[in-house]
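Each remark here refers to the structure printed beneath this line.
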Amino acid sequence: MILMWIHKYKLKTLEEFIGNESAVKSLINWADNWKNEKMKAVLIMGPTGSGKTTITKLIAKKLNYNIVETNASDVRSKKALETFFGQSLNQQSLFYKGKIVLFDEIDGISGQNDRGAPGVIKKIIETSSHPIILTGTDSGSSAVKAIKKICKIIKFEKVDTDIIQNLLKNICDLEKVYIEDKIIRAISRHADGDIRAAINDLETLAIKGTDINLDSVKGIGFRDSKRSIENILKILFITNDANIAIESMDNLGVDPGEMLEWVRENMPREYTDKKDIAKAYEFISRADIFKGRITRMQYYRFMVYEIQLMTAGVAASKSEKPRNLKSYHFPTKIAVMARTMFERAKNKTNAKALSPHIHTSTHVAREYFPLIKLMKEKNPEQYRRLSEEIGVNI
Ligand SMILES: Nc1ncnc2c1ncn2[C@@H]1O[C@H](COP(=O)(O)OP(=O)(O)O)[C@@H](O)[C@H]1O
Ligand SMILES: [Mg+2]
1023 MILMWIHKYK
1033 LKTLEEFIGN
1043 ESAVKSLINW
1053 ADNWKNEKMK
1063 AVLIMGPTGS
1073 GKTTITKLIA
1083 KKLNYNIVET
1093 NASDVRSKKA
1103 LETFFGQSLN
1113 QQSLFYKGKI
1123 VLFDEIDGIS
1133 GQNDRGAPGV
1143 IKKIIETSSH
1153 PIILTGTDSG
1163 SSAVKAIKKI
1173 CKIIKFEKVD
1183 TDIIQNLLKN
1193 ICDLEKVYIE
1203 DKIIRAISRH
1213 ADGDIRAAIN
1223 DLETLAIKGT
1233 DINLDSVKGI
1243 GFRDSKRSIE
1253 NILKILFITN
1263 DANIAIESMD
1273 NLGVDPGEML
1283 EWVRENMPRE
1293 YTDKKDIAKA
1303 YEFISRADIF
1313 KGRITRMQYY
1323 RFMVYEIQLM
1333 TAGVAASKSE
1343 KPRNLKSYHF
1353 PTKIAVMART
1363 MFERAKNKTN
1373 AKALSPHIHT
1383 STHVAREYFP
1393 LIKLMKEKNP
1403 EQYRRLSEEI
1413 GVNI
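Mapping the sequence shown onto this note's numbering, position 293 (from 1) lands on 1315, and the numbers just tick up by one.
Here's what the structure looks like:
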């Protein structure tokens, strides 16, 4: 099997972990002495790729805990959270190992008040009989705000360039590839504390092979789409220059429609002044109108306007300095669409199957779904026949 280097060189033991020494020490102390600790949960805050998830898993392994894991992008809603934790925490593990709960990347969990998902996490922390480790990157996110008072906060810093450089050199030795020191240095610096990015970039260049030079290092990085999206957002939120804002999207590897969702999601987090936010929303909504026209009429020439509105328009809307956030949120809309994709596809198929039989549009056919659901419940035999005859599957 061909493994990417990032998987092949995954750390196996705690002893191999590098960087953030004192943070790691206090994390181990806390986990080892959890029963007597005042804080029953730890929140590790730090940039992407600094090893937060990795260290949690290594500590669990070392201290012989089973890990109960959730990533915020899988489990965001309150109900899903409750079900997830209710089930996995109450199950006794077979060989009675202790459990440690990892709540990874909580920034993605949104909701304002105590009844939302952050409130549920808070409740889980307060009532848990297991140690909990949470990770986050954005100290302004609503989940972090909701829980930071009841957690021990441990800060991870970006991993030093020197440390990354040594790591990359080791990998080159093990892989028997030769890459000049100054190139390795450039890759390490370029990664900006993100070990995952550094290893991926190194592999990309190694695959390219022969003529690697400093320019090739500058060219990488756009490969990782979240990183490139974040770079673009950073530029257009910070700059006051319309051209720079527009150019930020020149090498875009993602669809402008997707980019628009990123801008929509993160603009109100970056901008501070209400009037600025209102103005920027105005541009976003105009960009959205063009986006709709592009999709409906396949009129791709409008993409220029869409891009100009969402970049230069949004950039020019600010009168106050933006917050200059460390990282950005994944767009809620895209997350919801992804989560409901199966459901939507199923509904569409059902509506198509049903509409010719009841002589309506597919749109109106959807209004019959509740009725059919009810039939399935109350009169399964009748539903079975209907389902066989016209192929609906509610
Ligand atoms: N200290 C380290 N030494 C070597 N590799 C590391 C180290 N920390 C992280 N990695 C590698 O870098 C990648 C990113 O680490 P991860 O724990 O996912 O970071 P985070 O959760 O902070 O985003 C992982 O593939 C991991 O194997
Ligand atoms: Mg992580």
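Yeah, the Cβ is synthetic: ideal placement off N, Cα and C, and Gly gets one too.
These figures come from a predicted structure and were not determined experimentally.
CA-CA distance, residue i and residue j?
| i | j | result |
| --- | --- | --- |
| residue 1043 | residue 1182 | 12 Å |
| residue 1261 | residue 1396 | 56 Å |
| residue 1029 | residue 1221 | 10 Å |
| residue 1169 | residue 1342 | 29 Å |
| residue 1176 | residue 1074 | 10 Å |
| residue 1161 | residue 1299 | 21 Å |
| residue 1204 | residue 1211 | 10 Å |
| residue 1153 | residue 1387 | 50 Å |
| residue 1245 | residue 1063 | Only weak support is given to the placement of residue 1245: the predicted model assigns it a pLDDT of 43, under 50, and the value that follows is read from those uncertain coordinates. Their backbone Cα atoms lie some 36 Å apart in a straight line. |
| residue 1159 | residue 1069 | 5 Å |
| residue 1179 | residue 1340 | 30 Å |
| residue 1356 | residue 1050 | 37 Å |
| residue 1414 | residue 1256 | 47 Å |
| residue 1060 | residue 1373 | 56 Å |
| residue 1290 | residue 1283 | 12 Å |
| residue 1131 | residue 1167 | 11 Å |
| residue 1304 | residue 1286 | 11 Å |
| residue 1224 | residue 1368 | 43 Å |
| residue 1031 | residue 1193 | 8 Å |
Going by alpha carbons, who is nearest to residue i out of the options?
| i | options | result |
| --- | --- | --- |
| residue 1279 | 1300, 1264, 1301, 1315 | 1315 |
| residue 1308 | 1292, 1321, 1336, 1318 | 1336 |
| residue 1269 | 1324, 1332, 1147, 1212 | 1332 |
| residue 1347 | 1294, 1374, 1357 | 1294 |
| residue 1329 | 1178, 1084, 1254, 1066 | 1254 |
| residue 1185 | 1140, 1404, 1039 | 1039 |
| residue 1035 | 1076, 1145, 1367, 1172 | 1076 |
| residue 1408 | 1384, 1380, 1147 | 1380 |
| residue 1326 | 1382, 1192, 1310, 1151 | 1310 |
| residue 1412 | 1375, 1402, 1058, 1158 | 1375 |
| residue 1151 | 1369, 1121, 1384, 1167 | 1121 |
| residue 1191 | 1410, 1027, 1065 | 1027 |
| residue 1393 | 1382, 1164, 1054, 1416 | 1416 |
| residue 1123 | 1053, 1206, 1164 | 1053 |
| residue 1092 | 1079, 1319, 1083, 1084 | 1079 |
| residue 1228 | 1089, 1197, 1216 | 1197 |
| residue 1041 | 1057, 1071, 1361 | 1071 |
| residue 1066 | 1058, 1047, 1224, 1083 | 1047 |
| residue 1301 | 1338, 1084, 1174, 1199 | 1338 |
| residue 1288 | 1358, 1359, 1306, 1188 | 1306 |
| residue 1156 | 1174, 1126, 1140, 1144 | 1126 |
Do residue i and ligand 4 come close, with the Cβ less than 7 Å from some heavy atom?
| i | result |
| --- | --- |
| residue 1126 | Absent from the structure shown: ligand 4. Ligands present: ligand 1 and ligand 2. |
Just mark residue i as buried or exposed, buried being the case when its beta carbon has 16 or more other beta carbons within 10 Å.
| i | result |
| --- | --- |
| residue 1087 | buried |
| residue 1251 | buried |
| residue 1364 | exposed |
| residue 1390 | buried |
| residue 1323 | exposed |
| residue 1142 | buried |
| residue 1277 | exposed |
| residue 1401 | exposed |
| residue 1096 | Because the pLDDT of residue 1096 is 45, which lies under 50, any placement of that residue in the model is unreliable, and the number read from its coordinates should be weighed accordingly. It counts as exposed. |
| residue 1318 | exposed |
| residue 1037 | exposed |
| residue 1187 | buried |
Under 8 Å, Cβ to Cβ, is there at least one residue of chain C near residue i?
| i | result |
| --- | --- |
| residue 1218 | Here chain C cannot be found, since the structure has a single protein chain. |
> Would you say the region 1263-1272 touches the region 1347-1367, given that touching needs at least three Cβ pairs under 8 Å?
Replying inline: no
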